[in-house]
Structure formats: structure tokens, C-alpha cells
Amino acid sequence: MNKRRWIAVVIAVGLFIFSAISSRVATHNEEDTQKTLAGINALLYGSNQLEKKVIEEGDASKQIVKLTVDGTIADTGTGGIFSTATYSHQDFLEQLKEIQTDKTIKGILLEVNSPGGGVYESAEIAKEFAKIKKLNIPVYVSMKNMAASGGYYISAAANKIFATDETVTGSIGVIMSGVNYSGLMEKLGITDETYKSGALKDMGSTTRKPTEKDKEVLQTYVNNAYNRFVKVVAKGRGMSEEAVRKVADGRIYDGAQAKAIGLVDEIGFPEDALKALKKEQKLINAQVIEYAVGDTGFYSSWLGSKAAKLQGLAPSESSTVLHLFESLGNAQAPKPLYYYGGE
């Protein structure tokens, strides 16, 4: 039998077992029923709750949590055991909120490998880190391959930023881009027939030439987002806004350049940032942990994930990619982005 038939057989057997258990459960009282059903759900789906995974032994009363932002900062709507995206925005926000209620967390190592992403999503992360900062929990950032635009935005308020010589960072700025087909349409004899309640209702339209008013409104929108970015960097790095604007023209820097202009504190890798965090924050014997979603159920396995997709319980890779593009805007509805490289 081929792979799909095997999956179908496994699902059928699973449903048969589930049905048999359910019939037995029906003879028990309500409390026993709930417990049994909870056990079945855990068996199939896992706990889907944040769990601590120890990655370096130490004093459990003093923990350093390693957080990771790897990929485009966008809310793709996927998370938990069915997430196929490298970065899950909702999972990451949940981790930041968990830290705020956990008295054992004494430090954070944030590893960033991201070209940035959505203006809103970046602001959400910065907001939660601001709350953490008020709790006097130090945050050290280790920039890996890339921490550009929104990747830098979420790093700016850290106690200390590390980057390697090869890290791509900077790209401080905002971009909102689209495509205009009006010239092509004129050549093909195609006419745009749009009816609108106001002259600016279809700003960014792909089928008509932008007016001067269109450009003015959209540029003001982008400038406002840029000004917020500058303020975040100025406050986080202890720089004047004027000094930030001189280096925030959208260009990228390598780690050494970023250190020379004050955007980065030290040259080093994640292990160097962790070592410095332990030494400088008096956390030498701290236990190092990371968060993981409880995913020990059947659906977290390779076979289970395939079954989930066939049943429509989990998004396919193509639907996740489509959702990512939609979250970053499109030609018909462009969005301002803290993003390196355009859309």
C-alpha cells in the first residue's frame, strides 16, 4: 500500500479504538468521563501547553530562558503542534507573557535571525519586552545571520546586543511597496472602472496612476512609522534621535560596522552572549531553559501530522506560505513593513 493508504488505515484503527473507549466511558460518571476524554485528547494532540526544557543544568531557582526569533516577524495564524512555520508569532508572545509571571526567570537570551516583518507584530513584541524590562529581568540579544529592520526593532531595548562580524543588521526604516499596471492597461486598451465614495478610497490601486495627494498621504503614513522606529532605537540605545537618523537611512551594516556606530555592543556568538549574561548579571550557576509546546501526542509525530493535514486539522505548507504573504500585504493592499529587502 502507498503512504496515503497506510495513513487512512491508521486513522480508521484510531477511530475504532476511540469509539470503543468512548462507549466504555459512557458507563462511568461525568467526572470519570471528563478525565478519560482529557487523557484521549492528550494522547492524540499532546498538552499544547508551554513546557520548560532544560538545555543547561544549574540552579532551577535562577533560570535563564533562551528565546528564538527565526524567520519573518508576521502573524501567520499558526501555532502549537500544528504550526509549520519556523516562527510562530502567537507562540512567541505567549512565551513573553509566561516570563512575566514566572519568578524563577532571572535573565533572557534572545537569539534573532530575522529580516523583520510587520510593523504591528514588531510593536507587539517590543511592548511585551518593555513590560519585562520593568521587572528588572535583563535581556541579552545575540544576532545571528540577520537581525535587520524589524529584527533590529525588537532587539534595540536589550541590555546588551551581540552580533558577529558577518551579521546583517541595520536596515532601520519602513517600506511599503506595490505594483502599478496602469501603463500596461492603457497599451492594451483596458479601462479601470472603479466607483468610490472619496478620492482617496482606492489609494495604492494597481490600475490607475497615483495622484500627488495619494503619494502625500501614503508617504506621511510611512514617515510616521519611521519616526516611531527612530524613537524605539534612540530610547533603547541611549542615543539622540538626530544621531539615530544619521545611521537610519535604510542601509544595512555588518556586525563590526554596527558596533562602530553604536547599534551593537559586542562582537560574538550566542555562547559569548550567554557567558556575558551569566557573568555580568551574577547568574553563573543559573539553569538555562527554553520553552517548548507539549507535543507528545499522536498528531505531533510525522504520521500524525500527515493525518492531521488529510483531515484538515493542520494547515498545509502552501496555505501557511500564502497566509504569510497575506500578512505582509500584497500589490492590491500594501502594508508598511519593518522589513529588509522589500516584499
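Sequential numbering of the sequence shown, starting at 1, is according to full-length UniProt numbering.
Every residue gets a Cβ at the ideal spot worked out from N, C-alpha and C, and that includes glycine.
Find the nearest neighbour of Tyr152 within the set Val112, Ile175, Ile132, judged by alpha-carbon distance.
-> On the sequence shown, position 152 is the one that residue 152 refers to. Ranking the options by Cα distance to Tyr152, first place goes to Val112.
Does the region 136 to 154 come within contact of the region 105 to 121, defined as at least 3 CB pairs closer than 8 Å?
-> yes
Val141, enclosing beta strand (DSSP E) - first and last residue | Mapped onto the sequence shown, residue 141 falls at position 141. In the DSSP assignment, Val141 falls within the beta strand (DSSP E) that extends over 139 to 148.
Neighbourhood of Glu166 by C-beta distance below 8 Å, restricted to the same chain and skipping five residues each side = Mapped onto the sequence shown, residue 166 falls at position 166. Cβ neighbours of Glu166 beyond the five flanking positions: Asn145, Asp254, Gly255.
Check Ser240 in the structure and name its three-state DSSP category.
-> Taking the first residue of the sequence shown as position 1, residue 240 is located at position 240. Correct three-state label for Ser240: coil.
Can you name the residues that DSSP bridges to Pro115?
-> Position 115 of the sequence shown, counting from 1, holds the residue named residue 115. DSSP output for Pro115 lists no bridge partner at all.
Spatial neighbours of Glu98 in its chain, beta-carbon cut-off 8 Å, leaving aside the 5 residues before and after = For this step, residue 98 is matched to residue 98 along the sequence shown. Correct list, in chain order: Leu50, Tyr291.
Which of helix, strand or coil DSSP assigns to Asp265 | One-based indexing of the sequence shown puts residue 265 at position 265. In this structure, Asp265 counts as coil in the three-state DSSP scheme.
Name the DSSP beta bridge partners of residue 368, please?
-> Nothing about residue 368 can be reported from this structure: the residues present for the chain run from 1 to 343 only.
Candidates Leu93, Lys131, Lys134, Tyr140, of which the one nearest Ile64 by Cα = Counted from its first residue, the sequence shown places residue 64 at position 64. Comparing Cα-Cα distances from Ile64 to each of Leu93, Lys131, Lys134, Tyr140, the minimum goes to Tyr140.
Helix or strand or just coil, what does DSSP make of Ala286?
-> To locate residue 286, count along the sequence shown from 1; it is residue 286. Here Ala286 sits in strand by DSSP.
By how many angstroms is the C-alpha of Tyr120 removed from the C-alpha of Pro334?
-> The residue you call residue 334 lines up with position 334 of the sequence shown. The residue you call residue 120 lines up with position 120 of the sequence shown. Their Cα atoms are separated by approximately 14 Å.
Same chain, Cβ closer than 7 Å to Ala234, five either side skipped, listed in chain order = Locating residue 234 in the sequence shown gives position 234, where the first residue counts as 1. Ser240, Glu241, Val244.
What are the start and end residues of the beta strand (DSSP E) that includes Asp70?
-> Here residue 70 corresponds to residue number 70 of the sequence shown, with the count starting at 1. Secondary structure note for Asp70: its beta strand (DSSP E) is the uninterrupted segment 59 to 70.
Rounded C-beta distance between Leu277 and Gly58? I'm assuming under 8 Å.
-> Start at 1 with the first residue of the sequence shown, and residue 277 comes out as number 277. Start at 1 with the first residue of the sequence shown, and residue 58 comes out as number 58. Actually they are not in contact, since the Cβ atoms of Leu277 and Gly58 sit about 13 Å apart, beyond 8 Å.
For Gly341, which residues from the same chain have a beta carbon less than 7 Å from its beta carbon, with the 5 sequence-adjacent residues on both sides left out?
-> As a working note, residue 341 is residue 341 in the sequence shown. Closer than 7 Å at Cβ, skipping near neighbours: Pro115.
Between the C-alpha atoms of Ala260 and Ala163, what's the straight-line distance to the nearest angstrom?
-> Here residue 260 refers to the residue found at position 260 of the sequence shown. Here residue 163 refers to the residue found at position 163 of the sequence shown. In a straight line, the C-alpha of Ala260 is about 12 Å away from that of Ala163.
Give the DSSP-derived three-state secondary structure of Glu56 in the structure shown.
-> The residue labelled residue 56 in the question sits at position 56 within the sequence shown. Three-state result, Glu56: strand.
Hey, Ile161 and Asp265 are a contact pair by Cβ (cut 8 Å); roughly how many whole angstroms apart?
-> Within the sequence shown, numbered from 1, the residue matching residue 161 stands at position 161. Within the sequence shown, numbered from 1, the residue matching residue 265 stands at position 265. Contact between Ile161 and Asp265 holds, since their C-beta atoms are separated by about 5 Å, short of 8 Å.
Kindly indicate which three-state DSSP category Ile105 falls into: helix, strand or coil?
-> Position 105 of the sequence shown, counting from 1, holds the residue named residue 105. Reduced to three states, the DSSP call for Ile105 is strand.
Considering only C-alpha positions, which residue in the set Ser61, Lys53, Ala273 is nearest to Ala286?
-> Against the sequence shown, residue 286 aligns to sequence position 286. Here the closest residue by C-alpha is Ser61.
In angstroms, rounded to a whole number, what distance separates the CA positions of Arg237 and Val293?
-> Here the question's residue 237 lines up with position 237 in the sequence shown. Here the question's residue 293 lines up with position 293 in the sequence shown. One C-alpha to the other measures close to 33 Å.
Check each candidate in Thr104, Ala158, Lys103, Asp102 and name the one with the smallest Cα separation from Ile125.
-> Counting from 1 along the sequence shown, the entry for residue 125 is found at position 125. Out of Thr104, Ala158, Lys103, Asp102, Ala158 has the C-alpha closest to the C-alpha of Ile125.
Go ahead and pull the three-state DSSP assignment for Leu337.
-> Taking the first residue of the sequence shown as 1, we reach residue 337 at position 337. Three-state DSSP puts Leu337 in a strand.
For Tyr226, which residues of its own chain have a beta-carbon under 7 Å away from its beta-carbon, when the five flanking residues on both sides are left out?
-> Along the sequence shown, read from residue 1 onward, the residue named residue 226 stands at position 226. These residues qualify, in order along the chain: Gly173, Val174.
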